[in-house]
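Chains as they are written, first to last, in the working numbering: chain F, 108 to 445; chain G, 2 to 304.
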């Protein structure tokens, strides 16, 4: 059965290998360049130069590229689910070849299990290799930027991509088994996987462990550290606050001293028409005006030392889901599909 | 094991298969002994394919039981090895070569006979390097049959095996099939709506119409139990006990009536002429189609 699985999978395996080779070559090239520039930054810093500026320059050089690569790596499991998972059973059902192979001396469940394991492990290996290379290439930047816990980067390093690939692949296989046609199965797999990949990191991940909360007074100086003020709906919020060595998962609205949200009209008055004080800083007079209102926010965050715990927890969730899908597929093949 | 105490090739009791509201098989009872070439005939939609797919375990019955070679169809890998099946559209992997298919057969079947497979592939003019997707319908059927036969099954199930073939290819195919069955010492169960093919190669017959078994038995027994009887017009009711009319049609001044004669039936009102297998099958199919004594109803047309 392993031979037949390999023989059927050969062409798509070679295509996948070609893609992986290209990506790997680029990542190795990038990793070497990152290390060269990292050394240059260190020597500039140690030879009495401006460390802060050298660091900013070094990070600025690569952070965008690495963000794009994280996006690309997020597509790898989706592509594996679509091109390796969805056709795995659907193509057999579509072509009627299941009626040939199910009448060899191999039970359907064994047929399904071997196919799922061989191609599924290959998918995990591809994602694992891509993830390992990107993790290696980006490690000097990640160490200095301290943002590997952030929503996008988290899913593009270490273990998580392997678990995503396992999930996407078994999802594609089971959808193909139910839909029984390759192209619709591929499209459905892409949509379903995208939904899960949006919901899990944004809705579930912040609550994998109870977050640490801290109340931070919003003085004029604290507000000027933020990246943005106010929202499109006009809510009194401060955006882009950070906690050192932590992933900030939630920031409350601006709260008054008694813990109630700041009234919108009071926020608007400060935001749109603050008394002129000639203050400088990102938000100028608005920051001074708001700073005078004795406000605070409640920050929820996951400290960085929980990073590996989160990698294991999230990978565990995805692998469990993959296992459930595989079990369901096995049951379907034995009981329902004809 | 002798034929008498070994379990029958196929044993169905109250076998029923429904697809939603449509009834494909309706309480079929069948018991077919080993060592036969069984022809399953009936009009389109009679339930032939359903019965064959049930027999090889591709589908499961809605009600009733079916045992093939003494076990539930496709019960485990060992049972799968004992039954070969070629589906109606003779599916093969389009991207794999003929040689790949033989390797697949060898790897997936412990009882695979490489010599038989090699000989047959050469015999029908297939090349190992040919892609299965490029084969003609007839060549594909030959490849599918080779794979099913080279695992040396005890029962070979073929669903309309010759349907896609031209007359010459069909002739060759049936010839090889008979050789095969002889060589394997196996039973074969094949469906067809080509009565000539069935008459030529089968020694056991099952007539299926409207989801029910109309007639089943060894061909020699069936031919011996039936005959044409000349009956004066309007005299049908006066047939002796044990003589059952199956079909009646005008012939000169009299009617001729195809009758089933039970053993120990009373004296017959005239000489009995033998019946040909095709006539017999048509008579039962017409009766099932709701024309017990009327003119010939073409095969495949049902009221």
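Built from N, CA and C at the ideal position, the CB exists for glycine as well.
Coil, strand or helix - residue i by DSSP
i	result
residue 173 (chain F)	helix
residue 302 (chain G)	Residue confidence is low: residue 302 (chain G) scores 37 on pLDDT, short of 50, so the model does not pin down where it sits. Its coordinate-derived value is still stated next. Coil, per DSSP.
residue 194 (chain G)	coil
residue 320 (chain F)	strand
residue 258 (chain G)	strand
residue 227 (chain G)	strand
residue 215 (chain G)	strand
residue 98 (chain G)	strand
residue 160 (chain G)	strand
residue 350 (chain F)	coil
residue 184 (chain G)	helix
residue 84 (chain G)	strand
residue 279 (chain G)	helix
residue 67 (chain G)	strand
residue 254 (chain F)	coil
residue 27 (chain G)	strand
residue 382 (chain F)	coil
residue 128 (chain G)	coil
residue 155 (chain G)	coil
residue 332 (chain F)	coil
residue 11 (chain G)	strand
residue 345 (chain F)	strand
residue 62 (chain F)	Look at the range of chain F in this structure, 108 to 445, and you will see that residue 62 (chain F) is not part of it.
CB contact check: residue i to chain G, cutoff 8 Å
i	result
residue 48 (chain F)	Because residue 48 (chain F) is not part of the residues shown, which for chain F are 108 to 445, the question remains open.
residue 265 (chain F)	no
residue 416 (chain F)	no
residue 108 (chain F)	yes
Test: residue i CB closer than 8 Å to a CB of chain F
i	result
residue 105 (chain G)	yes
residue 18 (chain G)	no
residue 152 (chain G)	yes
residue 114 (chain G)	no
residue 88 (chain G)	yes
residue 52 (chain G)	no
residue 164 (chain G)	no
residue 59 (chain G)	yes
residue 145 (chain G)	yes
Partner residues on chain F for residue i, Cβ-Cβ distance less than 8 Å
i	result
residue 93 (chain G)	204 and 207
residue 21 (chain G)	Here the premise fails: no neighbours, minimum Cβ distance about 14 Å.
residue 85 (chain G)	210
Within chain G, the residues that residue i reaches when beta carbons sit closer than 8 Å
i	result
residue 213 (chain F)	78, 81 and 109
residue 111 (chain F)	105, 108 and 109
Contact list for residue i against chain G, beta-carbon separation under 7 Å
i	result
residue 293 (chain F)	Going along chain G, no residue has its Cβ under 7 Å from residue 293 (chain F), so there is no contact; the nearest lies around 18 Å.
residue 114 (chain F)	97 and 101
Beta-bridge partners of residue i, as assigned by DSSP
i	result
residue 199 (chain F)	Answer is none; residue 199 (chain F) lacks a bridge partner.
residue 39 (chain G)	G:190 and G:205
residue 358 (chain F)	F:406
residue 20 (chain G)	G:23
residue 282 (chain F)	Its beta-bridge partners do not exist; DSSP assigns none.
Proximal chain G residues relative to residue i, where beta-carbon distance stays under 9 Å
i	result
residue 309 (chain F)	Near residue 309 (chain F) there are no residues of chain G at all, since even the closest Cβ is about 41 Å away, more than 9 Å.
Proximal residues to residue i (C-beta, below 7 Å), its chain only, five neighbours per side dropped
i	result
residue 274 (chain G)	228 and 229
residue 119 (chain F)	190 and 191
residue 347 (chain F)	333, 334 and 335
residue 126 (chain F)	none
Within chain F, partners of residue i - CB distance below 7 Å
i	result
residue 285 (chain G)	Ordered by position in chain F, no residue passes the 7 Å Cβ test against residue 285 (chain G), which lies about 30 Å from the chain.
Cutoff 8 Å; reference residue i; Cβ partners in own chain excluding five residues on either side
i	result
residue 82 (chain G)	110, 111, 112, 152 and 154
residue 301 (chain F)	185
residue 201 (chain F)	287, 288 and 289
residue 319 (chain F)	353, 407, 408, 409 and 410
residue 435 (chain F)	281
Contacting residues, own chain, Cβ-Cβ under 6 Å from residue i (five flanking each side not counted)
i	result
residue 137 (chain F)	244
residue 146 (chain G)	87
residue 18 (chain G)	25, 26, 51, 62 and 63
residue 1 (chain G)	Outside the shown range of chain G (2 to 304) lies residue 1 (chain G), about which nothing can therefore be said.
residue 399 (chain F)	none
residue 281 (chain G)	227
residue 68 (chain G)	12
residue 219 (chain F)	437 and 440
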